[in-house]
Every structure is written in structure tokens, then in C-alpha cells.
Amino acid sequence: MKPLRHPRRGATLLEAMATMVVVVFGILGIALAVLASAKQNRRNLIQAQAGLIAEQEMERITAMRCATPAPGRPCENIEALDRDRHEVWWSANGTPRYLAPVAGEPVRMKYDVAVDVDPPMEGEEAGTPSLARDVLPGLRLANVVNVRVTVSWQDPDKVLRAVALQTRMTP
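Here you go:
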């Protein structure tokens with residue numbers, strides 16, 4: 097009669113090492129996913145901040161309302177903003193600042209803000225759809241200006257990015 101074999105107990109060294117490799121690759125995959133997610137969240141935060149700055153700038157401009165002191169010069173006060181450029185810094189406390197930070201003061205991000213005001217100030221651009229079009233039969237838009245606010249920044253990967261808002265104004 098053959099001696100009885102005891103059932104195998106435990107895992108061999110090879111099985112344990114294979115399990116460790118699978119676990120290590122799993123942990124590595126999770127770590128890489130967390131890092132990629134954090135990077136994307138940071139990019140989204142920066143873009144949201146730029147959007148907020150653009151909205152605030154556009155609100156400031158539309159609150160000025162169009163003033164037409166001279167015939168044929170719609171929104172002359174808005175025209176004065178054409179080609180305006182300035183910088184905005186997102187401060188460490190989570191608010192935009194319009195003054196440059198002093199040495200040693202923590203700043204998270206610098207944004208460049210540009211304002212562009214079109215017709216009739218620059219050439220004869222008509223825009224799409226045309227600024228001087230019939231909105232209803234017999235009702236033609238006149239003295240309309242196109243206002244565009246662009247906020248740009250250089251992201252941590254050294255790529256230039258931008259957010260733009262646009263509106264049309266008339267007296």
C-alpha cells in the first residue's frame with residue numbers, strides 16, 4: 097500500500113512572487129491614475145480661474161454702457177479700451193489681484209488680459225454674423241461694436257492657453 101500524501105498547504109515561493117508582481121503593478125497603475133487626475137484637476141482649476149477673470153472683465157466693460165458723443169462713433173468710451181492689455185495675478189488666498197505682487201508674496205498664477213473692440217474702429221470688419229444685418233424684417237442693427245476679452249496664460253507644461261469671451265454692444 098502506498099503511503100498517503102498530505103494535501104499541499106501554503107503557497108510556493110514562485111506563486112508568492114507572482115502575486116507580489118501583480119499587486120505592485122496594480123498599485124503603480126493606481127498611482128499613475130491619481131497623478132494624471134491631479135494634473136487634469138490643476139489644469140481645470142487654472143482654466144476656471146481664467147474664465148472668471150474674463151467674466152469679470154466683460155462685466156466691467158458692459159457696465160460702462162455705450163456712450164456716443166459724436167455722430168458715427170458708437171460706443172466711443174468702449175472704443176478707448178481697444179487693444180488694452182494688462183496682467184492679473186491669482187493670489188494665494190484665491191482671489192484675482194490687479195497689482196503686481198511684491199517680492200516674497202506668494203502668487204499662484206499670472207494671466208494676461210487683452211481687450212479687442214471691432215467695427216467701426218478698425219477697418220471695415222463685418223463679423224459673422226454681420227454687425228449691420230437685419231435682425232427682424234425692417235429692423236437693422238446699427239452702431240454695433242464687437243467686444244472680445246481674451247485671458248491667456250502659460251500652463252505648468254509651458255503651453256500657452258487662452259479663454260475668450262465676446263459680446264456685442266450698441267448705444
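Just so we're on the same page, my numbering is the position in the sequence shown counted from 1, plus 96. A virtual CB, placed ideally from N, CA and C, is assigned to each residue, including glycine.
7 Å Cβ cutoff met for Val-184 and Val-209
yes
What first and last residue would you give for the alpha helix (DSSP H) that runs through Lys-135?
109 to 160
Report, in whole angstroms, the separation of the C-beta atoms of Pro-202 and Ala-188, which I expect to be a contact under 8 Å.
Correct: roughly 4 Å between the Cβ atoms.
Three-state secondary structure assigned by DSSP to Glu-201
Of the three classes helix, strand and coil, the one that applies to Glu-201 here is coil, per DSSP.
Quick one: what does DSSP say Val-247 is sitting in, helix, strand or coil?
strand
Could you compute how far the alpha carbon of Phe-121 sits from the alpha carbon of Thr-115?
Counting only the Cα atoms, Thr-115 lies some 10 Å from Phe-121.
Proximity test, Val-117 beta-carbon vs the ligand FAD heavy atom, cut-off 6 Å:
In the structure on display, the ligand FAD does not appear, and there are no ligands present to speak of.
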